[in-house]
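One structure below.
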Amino acid sequence: MNREQLAKRVLELVTEIAPDVDAASVIPGIDFRDQFDFDSMDTLNFAIALHRELGVEVPEAEYAQLASLDKCVAYLGERVQA
Amino acid sequence: MASEFRLPALGADMDAGTIVEWHVAPGSRVKRGDVVAVVETDKGAIDVEIFEDGVVREIVVLPGEKVPVGTVLALIETGAGPEAATAAPAPAPVGTVEGRAEGPAPTAAPAAPGTGGGGPDEARFRISPAARRRARELDVDPASLHGTGPGGAITLEDVEAARREPSPAPAPAPAASPAGAAEADKAGMRAAIAAAMSRSKREIPHYYLSTQVDVAAAVDWLAVHNASVPVTGRLLFAALLLKALALTCRGTPGFSGFHRDGRYEESPAVHVGVAVALRGGGLVAPAIMDTADKPLAGLMEEFRALVTRARAGRLRASELAAPTIILTSLGEDSVDAVFPIIQPPQVAIVGAGAIVERPWVVDGKVVPRQVLTLSLGADHRVTDGRLGAQFLARLARRLGEPASL
Chain P
137 MNREQLAKRV LELVTEIAPD VDAASVIPGI DFRDQFDFDS MDTLNFAIAL HRELGVEVPE
197 AEYAQLASLD KCVAYLGERV QA
Chain Y
6 MASEFRLPAL GADMDAGTIV EWHVAPGSRV KRGDVVAVVE TDKGAIDVEI FEDGVVREIV
66 VLPGEKVPVG TVLALIETGA GPEAATAAPA PAPVGTVEGR AEGPAPTAAP AAPGTGGGGP
126 DEARFRISPA ARRRARELDV DPASLHGTGP GGAITLEDVE AARREPSPAP APAPAASPAG
186 AAEADKAGMR AAIAAAMSRS KREIPHYYLS TQVDVAAAVD WLAVHNASVP VTGRLLFAAL
246 LLKALALTCR GTPGFSGFHR DGRYEESPAV HVGVAVALRG GGLVAPAIMD TADKPLAGLM
306 EEFRALVTRA RAGRLRASEL AAPTIILTSL GEDSVDAVFP IIQPPQVAIV GAGAIVERPW
366 VVDGKVVPRQ VLTLSLGADH RVTDGRLGAQ FLARLARRLG EPASL
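Structure follows, in structure tokens:
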């Protein structure tokens with residue numbers, strides 16, 4: 137999965153968790169929390185979705201690295217199997 | 006025998022709902038707990054469950070119709086033997102009996118069912134004996150009628166008119182533009198919140214207490230727990246709070262129950278409601294049923310499902326009507342403390358701010374600790390500050406022993 141595909145997949149998962157978020161309006165460099173009130177429940181759901189869909193188990197201590205789209209892509213890029 | 010399945014009230018501020026769809030048709034077999042209809046309310050689309058087993062005999066209210074709380078939506082053939090037949094000489098609103106036993110009475114609703122399972126609470130509306138008899142014969146719910154007699158009394162004519170007049174033409178289907186519908190939903194929810202909170206501030210003499218709690222033990226326990234389970238088994242701090250609060254309610258009466266008709270009644274079951282903020286604005290507070298009896302893992306699973314459904318606008322009627330007390334947790338990155346407003350007819354609400362690192366004195370030394378400010382808004386008609394302080398202190402103590410939750 138290249139960077140672009142990964143970003144697209146992550147966005148799909150984010151909008152699955154927050155269906156009222158318009159994927160096209162998500163700004164990659166800004167934290168989800170600041171853009172659309174992503175809270176701890178959303179983050180947990182996101183971690184569960186990443187595990188289910190991409191096979192990546194993100195430890196709780198590393199949640200901060202999932203805070204924005206850019207950070208997700210950087211973090212997951214090294215961990216997702218091709 | 007047939008029983009009436011009625012539109013349940015979902016709290017003090019709901020007085021009507023629009024049927025969106027039926028999941029059943031005449032002849033469908035239903036069992037207790039089945040979601041049979043979707044109803045659009047100011048709190049979003051709600052799944053309405055049925056509370057008995059039987060077969061649907063007739064759908065009375067069709068999709069698109071907006072009807073007041075208490076209206077008979079469908080008739081259910083319960084197929085009960087002579088036992089049930091003798092047990093129910095009065096046309097009790099069976100469809101809501103169970104939910105009512107656990108939830109707050111719809112105080113604002115015209116069709117407020119009585120407590121404790123007799124017939125309908127007929128004292129709440131005036132109706133002539135002849136009209137009442139005729140209403141029974143015709144399966145018309147007097148509570149759903151607008152009386153035109155003296156003092157708003159329901160007359161025989163009102164009952165006959167209700168029978169003659171089938172439902173008004175189905176309302177236009179959902180607003181043409183989704184954006185318009187969303188705006189309307191938002192306005193409706195805002196109005197519902199305004200009504201409930203205004204009533205609360207008007208009627209309930211609140212008193213407020215708060216306390217700062219060192220939650221390092223709970224935070225550490227949680228981190229260890231979450232590192233040792235698969236991602237689906239992870240807990241949020243709020244799950245600990247929910248369980249600790251429910252257990253505290255059980256040991257300290259006066260906070261989990263309902264104040265109705267001038268008196269307080271402790272709820273035998275503790276159903277903690279969770280205030281869930283919706284992204285578009287507004288909030289709902291559905292309950293986790295029997296919160297104190299659930300192991301943390303199960304409680305967390307339900308909590309997660311509940312928040313998901315709340316945000317998707319798919320709550321169940323019983324969940325909205327049930328809370329005996331509410332927890333509002335503002336969560337990480339927010340403020341230190343919240344002083345929440347009680348949702349009538351409840352008598353208490355507990356608030357939790359963000360967990361923050363603060364200088365704390367431990368064994369004579371100042372050390373950084375994880376600190377949480379807990380607050381209690383309680384009804385002075387029911388309890389005093391002394392008991393409230395005990396309640397909050399007990400809650401804090403339970404949080405200090407996370408392994409026992």
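If you read the sequences in order, they're chains P and Y.
If you count the first sequence from 1, you need to add 136 to reach our numbering.
If you count the second sequence from 1, you need to add 5 to reach our numbering.
Glycine included, C-beta positions come from ideal geometry on N, C-alpha and C.
Bear in mind that the values here come from a model prediction, so they are computed numbers and not experimental data.
Residue environment, residue i, which counts as buried when at least 16 other CB atoms sit within 10 Å
| i | result |
| --- | --- |
| P350 (chain Y) | buried |
| Q141 (chain P) | exposed |
| A353 (chain Y) | buried |
| I51 (chain Y) | buried |
| K248 (chain Y) | buried |
| K66 (chain Y) | According to the sequence provided, residue 66 (chain Y) is Val. The question's Lys does not apply to it. So V66 (chain Y) ends up on the buried side. |
| R239 (chain Y) | buried |
| D225 (chain Y) | exposed |
| V234 (chain Y) | exposed |
| P407 (chain Y) | buried |
| S272 (chain Y) | buried |
| R188 (chain P) | exposed |
| D190 (chain Y) | buried |
| I163 (chain P) | exposed |
| D156 (chain P) | exposed |
| S409 (chain Y) | exposed |
Residue j beta carbon less than 7 Å from that of residue i
| i | j | result |
| --- | --- | --- |
| E26 (chain Y) | P68 (chain Y) | yes |
| T329 (chain Y) | V372 (chain Y) | no |
| V355 (chain Y) | L283 (chain Y) | no |
| S215 (chain Y) | T378 (chain Y) | yes |
| A243 (chain Y) | D47 (chain Y) | no |
| G336 (chain Y) | D175 (chain P) | yes |
| R37 (chain Y) | E57 (chain Y) | yes |
| A223 (chain Y) | L245 (chain Y) | yes |
| A383 (chain Y) | Y269 (chain Y) | no |
| L78 (chain Y) | A7 (chain Y) | no |
| T23 (chain Y) | E9 (chain Y) | no |
| R399 (chain Y) | T237 (chain Y) | no |
| V53 (chain Y) | V29 (chain Y) | no |
Backbone secondary structure at residue i - three-state DSSP
| i | result |
| --- | --- |
| T253 (chain Y) | helix |
| A327 (chain Y) | coil |
| G278 (chain Y) | strand |
| D266 (chain Y) | coil |
| P407 (chain Y) | helix |
| T151 (chain P) | helix |
| S303 (chain Y) | Here residue 303 (chain Y) is Gly; the residue named in the question, Ser, does not match the sequence. Residue state, collapsed to three classes: helix. |
| D20 (chain Y) | coil |
| T46 (chain Y) | strand |
| D58 (chain Y) | coil |
| A89 (chain Y) | Any reading at A89 (chain Y) needs caution, since the residue's pLDDT is 38, under 50, leaving its predicted position unreliable; the model's value is listed next. In the structure shown, A89 (chain Y) sits in a helix (DSSP, three-state: H, G or I). |
| V146 (chain P) | helix |
| V66 (chain Y) | coil |
| D52 (chain Y) | strand |
| K370 (chain Y) | strand |
| L245 (chain Y) | helix |
| L227 (chain Y) | helix |
| V157 (chain P) | coil |
| P109 (chain Y) | Low per-residue confidence applies at P109 (chain Y): pLDDT is 38, beneath 50, and the placement is therefore not dependable, though the value from the model is reported in the following sentence. Coil, per DSSP. |
| L400 (chain Y) | helix |
| E271 (chain Y) | strand |
| A30 (chain Y) | coil |
| L392 (chain Y) | helix |
| A176 (chain Y) | In this prediction, A176 (chain Y) scores a pLDDT of 42, lower than 50, which makes its location untrustworthy; the coordinate-derived value is nonetheless stated afterwards. Coil. |
| S203 (chain Y) | helix |
Limits of the beta strand (DSSP E) - the one that residue i falls within
| i | result |
| --- | --- |
| Y199 (chain P) | Y199 (chain P) -> no beta strand (DSSP E), and no H or E assigned at all. |
| R386 (chain Y) | Unbroken run through R386 (chain Y): none, as it is neither H nor E. |
| S176 (chain P) | Segment S176 to L190 is the alpha helix (DSSP H) holding S176 (chain P); no beta strand (DSSP E) there. |
| K71 (chain Y) | K71 to P73 |
| V209 (chain P) | From DSSP, V209 (chain P) is part of no beta strand (DSSP E) but of the alpha helix (DSSP H) over L205 to G213. |
| F10 (chain Y) | A7 to R11 |
| I347 (chain Y) | Run containing I347 (chain Y): none; DSSP gives neither H nor E here. |
| E362 (chain Y) | V361 to V367 |
| A357 (chain Y) | A353 to A357 |
| V77 (chain Y) | V77 to E82 |
Limits of the unbroken alpha helix (DSSP H) element including residue i
| i | result |
| --- | --- |
| Q171 (chain P) | F168 to F172 |
| S215 (chain Y) | Where S215 (chain Y) is concerned, there is no enclosing alpha helix (DSSP H), although the beta strand (DSSP E) it sits in stretches over H211 to D219. |
Short CB-CB distance (under 7 Å) between residue i and chain A
| i | result |
| --- | --- |
| I184 (chain P) | Considering every chain present, this structure includes no chain A. Its protein chains are P and Y. |
I'd like to know if the region 197 to 205 of chain Y and the region 338 to 350 of chain Y are in contact, where contact means that at least 3 CB-CB pairs between them fall below 8 Å. yes
Taking contact to mean at least 3 C-beta pairs separated by less than 8 Å, is the region 319 to 326 of chain Y in contact with the region 289 to 297 of chain Y? yes
Does the region 252 to 272 of chain Y come close enough to the region 204 to 218 of chain P to have 3 or more Cβ pairs within less than 8 Å? no
Does the region 353 to 365 of chain Y come into contact with the region 307 to 314 of chain Y, if we say contact requires no fewer than three beta-carbon pairs (one atom in each stretch) closer than 8 Å? no
Three or more beta-carbon pairs under 8 Å between the region 378 to 395 of chain Y and the region 312 to 322 of chain Y, yes or no? no
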